[in-house]
Amino acid sequence: MANDKKPVAQQQHDAIMANLRNKKYKPIYILMGSKDGTESYFIDSISQYIADNVLAPEERDFNQVIFYGADTSMRQVIEQAKRFPMMAEHQVVILREAQMAKEFDLIEKYIEKPNQQTLLVICYKGSIDGRKKYVSQAQKIGEVAAFAPLREWELNAFIEEYVKSKGGNIDRKSSAMVAEHVGSDLKRLKSEIDKVFVTFAPEAPKNITASLVERCIGISKDFNSFELRDAIVAHNIEKANLIVKHLMGDPRSGGLFAMIPTLFAYFQNLMLAHYAPAPRDATAIMSYLGLRSEFAAKAYTEGIKHYSPMKTIQIIDKFREIDAKSKGLDATANTTPEDLAKELIFFILH
Numbered sequence: 000m001a002n003d004k005k006p007v008a009q010q011q012h013d014a015i016m017a018n019l020r021n022k023k024y025k026p027i028y029i030l031m032g033s034k035d036g037t038e039s040y041f042i043d044s045i046s047q048y049i050a051d052n053v054l055a056p057e058e059r060d061f062n063q064v065i066f067y068g069a070d071t072s073m074r075q076v077i078e079q080a081k082r083f084p085m086m087a088e089h090q091v092v093i094l095r096e097a098q099m100a101k102e103f104d105l106i107e108k109y110i111e112k113p114n115q116q117t118l119l120v121i122c123y124k125g126s127i128d129g130r131k132k133y134v135s136q137a138q139k140i141g142e143v144a145a146f147a148p149l150r151e152w153e154l155n156a157f158i159e160e161y162v163k164s165k166g167g168n169i170d171r172k173s174s175a176m177v178a179e180h181v182g183s184d185l186k187r188l189k190s191e192i193d194k195v196f197v198t199f200a201p202e203a204p205k206n207i208t209a210s211l212v213e214r215c216i217g218i219s220k221d222f223n224s225f226e227l228r229d230a231i232v233a234h235n236i237e238k239a240n241l242i243v244k245h246l247m248g249d250p251r252s253g254g255l256f257a258m259i260p261t262l263f264a265y266f267q268n269l270m271l272a273h274y275a276p277a278p279r280d281a282t283a284i285m286s287y288l289g290l291r292s293e294f295a296a297k298a299y300t301e302g303i304k305h306y307s308p309m310k311t312i313q314i315i316d317k318f319r320e321i322d323a324k325s326k327g328l329d330a331t332a333n334t335t336p337e338d339l340a341k342e343l344i345f346f347i348l349h
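Sequence positions in the sequence shown follow numbering that gives the first Met the number 0 and run 0 to 349.
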């Protein structure tokens, strides 16, 4: 089912951070990726917070050690973790790039009887087999979190949460513009949003609009994938073709590859909306698809008027066909991305 709520990875991150801010420390933190990849932003955020906040500056020289997997072994890390703090309540031991550490499985013996005065933080790029005994043991006494990369459809929620955390507001169109332009690099997303916040006076309302995004980040508020989606939802053929023409002619827009994720996600959700208990009721659709507002749900109640379930299935199949052609499958040597974009939009609208 479509999900417009806070991404799972962010929920895990925020829960761990809440405990840390309340000084509810655990002896072991295993922060890793998943089989689908690793979102290092959340891992780095947690480990850096621990490094910067658990100990006072004057306590760190003797009680905080940061190892790197390529330069150390798990044996050395464990020896350090077993030591007791000097003139401090805690010791912090961080192992970055843990997937490169020699003898990593030695951690199992340490986790059986960890030093309760040490915070051992394991930053692991990739996934650890959840069947390992030390993983289940670590879950009982510490924190184990797997941070997968955010999907395209989760970026809006991440952006909105970050803006909210800085005391601001951003509308859905503006967050979609930022997500489309920047992509899934969360550090860069934050950096681009910070550019917008710099423009606000200290006491002024911090409302991020499409015009601000256009001015500060350099994205067209009128010609982007989000606007194209809205034109398609309304079955506005003229506007949709105008936007496609602009996108394909602007090298900064990302062209076809920027269009497909936004539109594909919409039609996937529309397929679900067709079979919702009350598919023409915005409030019901909002609940069924896990959306944040009736405004977002109206894109689906409107789309249902123009695209039947059968047409929606055909459109989803067409996306797969266009994606294959863009990779050179079943396409002639002379086929251009512009040709594929026109073919896709024509199929959707006719």
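The beta-carbon is built from N, C-alpha and C at its ideal position, and this holds for glycine as well.
Rounded straight-line distance, which links the Cα of residue j to that of residue i
| i | j | result |
| --- | --- | --- |
| E78 | R150 | 39 Å |
| R74 | P260 | 45 Å |
| H89 | A97 | 22 Å |
| D329 | I344 | 19 Å |
| L262 | A50 | 42 Å |
| V76 | S164 | 35 Å |
| A69 | R319 | 41 Å |
| N2 | E293 | Note on N2: pLDDT 47, under 50, position unreliable in the model; no value is reported. |
| Q184 | K317 | Position check: residue 184 holds Asp in this sequence, whereas Gln was assumed. Distance between the alpha carbons of D184 and K317: 28 Å. |
| A137 | E159 | 32 Å |
| F157 | V64 | 32 Å |
| R95 | E301 | 49 Å |
| K22 | E213 | 41 Å |
| L106 | Y133 | What sits at residue 106 in the sequence shown is Ile, not Leu. Near 7 Å, if we compare the C-alpha coordinates of Y133 and I106. |
| S174 | M31 | 28 Å |
| T334 | A257 | 18 Å |
| Y24 | A283 | 41 Å |
| P204 | A230 | 31 Å |
| D35 | D249 | 32 Å |
| G327 | E342 | 15 Å |
| I110 | K4 | 34 Å |
| P308 | E237 | 24 Å |
| R279 | S286 | 13 Å |
| Q10 | D128 | 22 Å |
| L241 | I216 | 23 Å |
| G125 | A200 | 42 Å |
| L211 | G166 | 16 Å |
| E202 | F266 | 41 Å |
| R82 | A145 | 28 Å |
| K112 | R20 | 25 Å |
| A264 | V91 | 43 Å |
| V197 | K108 | 49 Å |
Beta-carbon gap between residue i and residue j smaller than 8 Å
| i | j | result |
| --- | --- | --- |
| A147 | E38 | yes |
| N155 | R171 | yes |
| L269 | T331 | no |
| H234 | H349 | no |
| Q29 | V143 | As written in the sequence, residue 29 is Ile, which differs from the Gln given in the question. Closer than 8 Å, so yes. |
| H12 | S33 | no |
| K189 | Y161 | yes |
| L227 | A239 | yes |
| V243 | A340 | yes |
| K186 | Y48 | no |
| E153 | N223 | no |
| E191 | M247 | no |
| S72 | A55 | no |
| N52 | A80 | no |
| I93 | S46 | yes |
Assumed close pair residue i, residue j - CB separation to whole angstroms, cut-off 8 Å
| i | j | result |
| --- | --- | --- |
| A277 | L288 | A277 to L288, Cβ: 12 Å. No contact. |
| I140 | N168 | Actually they are not in contact, since the Cβ atoms of I140 and N168 sit about 40 Å apart, beyond 8 Å. |
| I314 | I347 | 5 Å |
| P6 | L118 | Contact doesn't hold; Cβ gap of about 26 Å is too wide. |
| M85 | F61 | 4 Å |
| A87 | E58 | 4 Å |
| F103 | M176 | The pair is not a contact, with the Cβ atoms about 42 Å apart (cut-off 8 Å). |
| I15 | C122 | About 13 Å separates the two Cβ atoms, so there is no contact after all. |
One or two residues paired with residue i in a DSSP bridge
| i | result |
| --- | --- |
| T361 | The structure shown does not extend to residue 361, since the chain is modelled only from 0 to 349, so the question has no answer here. |
| K244 | Beta-bridge pairing links K244 to no other residue. |
| A209 | None; A209 has no bridge partner. |
| L30 | C122 and A144 |
| I42 | Paired residue(s): none; I42 is not in a bridge. |
| Y67 | R95 |
| N168 | N206 |
| G36 | S33 |
| S72 | K101 |
is_contact[residue i, chain C] using C-beta, thresh 8 Å
| i | result |
| --- | --- |
| A277 | The structure shown contains no chain C; it is built from a single protein chain. |
Validate contact between the region 290-301 and the region 320-329 using beta carbons, cut 8 Å, 3 pairs: no
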